[in-house]
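Okay, structure first, notes after.
Numbering (the UniProt record's numbering), first residue to last: 1 to 392.
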């Protein structure tokens, strides 16, 4: 068996589909921010209850709510097919409820307001409802305000749905193979922000070792995520035969029309690790967020000498070489990590400190992941780390 064959076998490892769980997507659960909006709506309109109810797969989903559930299913169910704004100012005198026990209780709903919520394509997705046990006139101005709130809710839910789809695409970009490389620890993670973008990491076997990529496609949403998937596929296709610099040059040519058409660009760190002796060859295309923390605690930032892909300039990307010695850790990350600290390049030293204070690459990555999960970052946090283990 040749060296490259041996490395490819050990890198492949086991599929980790059961290890990587899907992202915690917001579409199918109640959210505090919508609860707050409903509380403000109830206060403004002098209502006892306000709620956003979406059509779920199996049952209605309460996306946000204020007050007790005063709208009984038998009541609200009477208007599930409402096409426009519905206002019932006094249910006890409404002919649709004459003789109905629903309104016999003095504590039951009297004033009821409901407006359908629709997707950008016009399909019904749920309702915004409010109710009160007190009857009163509901003015034309109030009706206009309800329609404006409904429009805002539709726009917000549409944006959230797009971000959910983008997160699903981004999750699909994660490598499905766990790296089992003798003498090394290789760990990566991606924590999407609410405004999911085109950040991703990847690893894969290449002749003689391991290929690593961390990239950031400019933009947010489904468009950036789909373009990131294209970048990943192009890099993977070229990586086995062209070397690090040749891979980036070839990717730039193949992606030129896509990047030009979307007026986007891609920053990336792309490397090949030869595990036998720790040689790491890499190209940095406008990324600049890769460190090596040495076994003695010293850290160095890897050279950023070239521009991103998609600038429209005729460029060449240069190959650099460094060596990972025993106890050294390479860590590369997206600019979302900077936002976990002060947002400047001074944060590189904070990241280096975390690596110094942790004994494994997995521990260092988990610290950054936990910080990302508790932060209000507008950018994705993507990290990949490679540690060469010390001899026993």
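We treat Cβ as the ideally placed atom computed from N, Cα and C, and that holds for glycine.
Quiz prompt | Buried versus exposed, by CB contacts within 10 Å (16 or more), residue 47 | solution = buried
Quiz item: Excluding sequence positions up to five away, which residues of its chain have a Cβ less than 8 Å from the Cβ of residue 256?
Solution: 310
Practice problem: Report all residues from its chain with a CB closer than 7 Å to the CB of residue 355; omit the five preceding and five following residues, and keep chain order. | Solution: Hits under 7 Å: 293, 329, 331 and 364.
Quiz item: If we call anything under 8 Å between Cβ atoms a contact, is residue 289 one with residue 324?
Solution: no
Self-check item: Reference residue 121; option with closest CA among 158, 352 and 264
Solution: 158
Quiz item: How is the beta strand (DSSP E) around residue 357 delimited, first residue to last?
Solution: Careful: residue 357 lies outside any beta strand (DSSP E), inside the alpha helix (DSSP H) at 347-357.
Self-check item: Range of the contiguous beta strand (DSSP E) that encloses residue 272
Solution: Bounds of the beta strand (DSSP E) holding residue 272 are 266-274.
Exercise. Using only alpha-carbon positions, find the residue among 126, 35, 97 and 105 that is nearest to residue 55.
Key: 126
Quiz item: Smallest Cα separation from residue 388: which of 282, 183 and 333?
Solution: 183
Self-check item: Cβ neighbours of residue 381 in the same chain (closer than 6 Å, five flanking residues each side left out)
Solution: Once the five neighbours on either side are set aside, the close Cβ partners of residue 381 are 191, 336, 337 and 372.
Quiz prompt | Selected residue, minimal CA-CA separation from residue 62, among 220, 87 and 128 | solution = In this structure, 128 is the residue among 220, 87 and 128 with its C-alpha nearest to the C-alpha of residue 62.
Practice problem: Evaluate the contact criterion for the stretch 198-205 versus the stretch 244-253: three or more CB pairs, one atom per stretch, below 8 Å. | Solution: no
Quiz item: Does DSSP put residue 185 in a helix, a strand or coil?
Solution: strand
Quiz item: Going by other Cβ atoms of all chains shown within 10 Å of its Cβ, with 16 needed for buried, is residue 442 buried or exposed?
Solution: Since the first residue of the chain shown is 1 and the last is 392, residue 442 is not available in this structure.
Exercise. Note the first and the last residue of the continuous beta strand (DSSP E) segment covering residue 283.
Key: 279-285
Quiz prompt | Contact under 8 Å by Cβ, residue 203 with residue 175 | solution = yes
Practice problem: For the beta strand (DSSP E) holding residue 97, just list the boundary residues, first then last. | Solution: Unbroken run through residue 97: none, as it is neither H nor E.
Quiz item: From which residue to which residue does the beta strand (DSSP E) around residue 300 run?
Solution: 299-301
Quiz item: To which residues of the same chain is residue 119 closer than 6 Å at the C-beta, ignoring the five residues directly before and after it?
Solution: 125
Practice problem: For residue 360, write down the residues that DSSP places opposite it in a beta bridge. | Solution: None; residue 360 has no bridge partner.
Practice problem: Tell me, to the nearest whole angstrom, how far the beta carbon of residue 348 is from that of residue 301; I am working on the premise that it is less than 8 Å. | Solution: 6 Å
Quiz prompt | Per-residue DSSP class, three states only, for residue 44 | solution = helix
Quiz prompt | Cβ neighbours of residue 66 in the same chain (closer than 8 Å, five flanking residues each side left out) | solution = 35, 38, 39, 41, 42, 49, 50 and 51
Exercise. Could you tell me which residues DSSP puts in a beta bridge with residue 211?
Key: 204 and 272
Self-check item: Distance CB(residue 274)-CB(residue 188) smaller than 8 Å
Solution: Not a contact, by the Cβ cut-off of 8 Å.
Quiz item: By Cβ distance below 7 Å, which residues in the same chain neighbour residue 245 in space, the five residues on each side in sequence not counted?
Solution: 283, 317, 318 and 319
Quiz item: Which of helix, strand or coil does DSSP assign to residue 332?
Solution: strand
Quiz item: Out of curiosity, what's the CA-to-CA distance linking residue 383 and residue 351?
Solution: Their Cα atoms are separated by approximately 11 Å.
Exercise. Helix, strand or coil for residue 374, going by three-state DSSP, please let me know.
Key: Coil at residue 374, not helix or strand.
Self-check item: Same chain only: Cβ atoms within 7 Å of residue 146, ignoring 5 sequence neighbours per side
Solution: Contacts found: 85, 113 and 115.
Quiz prompt | Extent of the continuous beta strand (DSSP E) run through residue 138 | solution = Taken as a continuous stretch (DSSP letters only), residue 138 belongs to no beta strand (DSSP E), as it is neither H nor E.
Exercise. Just grab the DSSP bridge partners of residue 292 for me.
Key: Under the DSSP definition of a beta bridge, residue 292 partners with 300 and 330.
Quiz item: With 16 other CB atoms within 10 Å as the buried threshold, where does residue 303 fall?
Solution: For residue 303, the number of other beta carbons within 10 angstroms of its own is below 16, and it is reported as exposed.
Quiz item: Taking contact to mean at least 3 C-beta pairs separated by less than 8 Å, is the stretch 232-246 in contact with the stretch 217-224?
Solution: no
Quiz item: Apart from the five residues just before and just after residue 265, which ones in its own chain have a Cβ nearer than 7 Å to its Cβ?
Solution: 218, 259, 308, 309, 310 and 311
Practice problem: Closer than 8 Å by C-beta to residue 31: which residues in its own chain qualify, once you throw out the five before and the five after it? Chain order, please. | Solution: 63 and 64
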